[in-house]
Structure formats: structure tokens, C-alpha cells
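Asker: Numbering (this note's numbering), first residue to last: 84 to 277.
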């Protein structure tokens, strides 16, 4: 059986478990229906004020748009989920904030959502580590943002060199100019938590 088919069925099952307000109908009224794949993830808060109140005055960003709105968004979400550390000497963290090496400024109002291994049970027996969950989250969030028109070399294994050159040229023309990339490296001692 096709793996993509199974993944889509699983995602449809998850989407349909949420109720989505839609409309208006023919009578001009809003109605509730089961979710479908193209629906946005529902916000856990009814409005911005409730979100700020629940998060110590900080309005949490919608990370589902980071996959396309931020350069290297998938990598950013992965790093953000694994970037929680004890603050270095000299950094004071007030109540309600947490130190994250990949968050701009280092202090974030969201506690680590991946606080321990084993939060999910995979049917195929895949070990549930923080790293595995951090890979799964951006993949799930970005699934509907993927453009089917972008061709990469991985998708053209039998391609001729001309096909590969075309792919590189096509991908190269998506952006112009050089970008300055800043990078923060954080290392853990072997055997330490992620």
C-alpha cells in the first residue's frame, strides 16, 4: 500500500477530529463542521487577549506560518523545540520566561513543549525521543505549505544531467542576491539531555 495514502488518511482523521466554524450558509448564518486538510490549525485561545493572559503577557506566534515566512523555517522550528537550556552565567531569567539559545534575545515565554522522551507512542515501534518529535512537528505543520511544482534532485533520481542542471537553475532563480546567514551552535555533552 502507498505510504503517502496512509499518511493522508491519518492526517484527514486528525483534521476531522476538530470542529471548524464555517460559513455563512444560504441563510447567512455561521455553522460548525468537521475539519478538513486545508483548514488552518485551530488556535488554542479564543482571542489575542486570552492568549496574552495565559502566556504572561506575551502573544505566542503562529509557528505554522514560520515554515514559509521565515528563511529556513523548518530548521528554525526544529532548533527552537530543542534549544531549551539552562541560562549561561550572567543571564537572569524572570518568572514566566525560559532560556532558548535559538530564540532571538534568548528568552522565550513558552515552556519546552517537548519536556521528556516518550510523549507519543509510535505504532511501528520508532523510539519516541525529543529529537524525533522535534522533526515530526515542523513536518506536520508544513505539510499543506509544500509546493508540488518545486523539483529537487532527490525527486529526479533517473534524471539526466540536463534535468538536474535545470532543477538547480530553477531553484537558483527563486531568490536573487546573497544572504548573510548567522548561526548559533549549541552543544551538549555526550550523555546529557538534548
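Backbone N, C-alpha and C define an ideal beta-carbon position, used for all residues, glycine too.
Since residue 136 and residue 166 are thought to touch, with beta carbons under 8 Å apart, how far apart are those beta carbons, to the nearest angstrom?
Answerer: With a Cβ gap of about 26 Å, residue 136 and residue 166 do not count as contacting.
Asker: What's the C-alpha gap between residue 100 and residue 126?
Answerer: 14 Å
Asker: Can you list the alpha helix (DSSP H) stretches of 4 or more residues lying completely in the region 159 to 234, in chain order?
Answerer: 213 to 225
Asker: Tell me, please, whether the region 206 to 225 touches the region 147 to 166 by the rule of three or more beta-carbon pairs shorter than 8 Å.
Answerer: yes
Asker: Could you tell me the alpha carbon to alpha carbon distance between residue 114 and residue 170, rounded to whole angstroms?
Answerer: 48 Å
Asker: Cα separation between residue 119 and residue 90?
Answerer: 14 Å
Asker: Can you look up residue 103 in the DSSP assignment and give me helix, strand or coil?
Answerer: strand
Asker: Would you give the residue range spanned by the alpha helix (DSSP H) that residue 131 belongs to?
Answerer: 131 to 137
Asker: Under a three-way DSSP split, which group does residue 91 fall into?
Answerer: Residue 91: helix per DSSP, three-state reduction.
Asker: Out of 196, 182 and 197, state which residue places its alpha-carbon closest to the alpha-carbon of residue 190.
Answerer: 182
Asker: Buried or exposed: where does residue 209 fall if 16 or more other Cβ atoms within 10 Å of its Cβ makes it buried?
Answerer: exposed
Asker: What's the gap between the Cα of residue 172 and the Cα of residue 179?
Answerer: 19 Å
Asker: For residue 205 and residue 211, what's the separation of their Cα atoms in angstroms?
Answerer: 7 Å
Asker: Give me, in chain order, the residues of the same chain whose beta-carbon lies closer than 6 Å to that of residue 163; leave out the 5 immediate sequence neighbours on both sides.
Answerer: 185
Asker: Out of curiosity, what's the CA-to-CA distance linking residue 216 and residue 198?
Answerer: 11 Å
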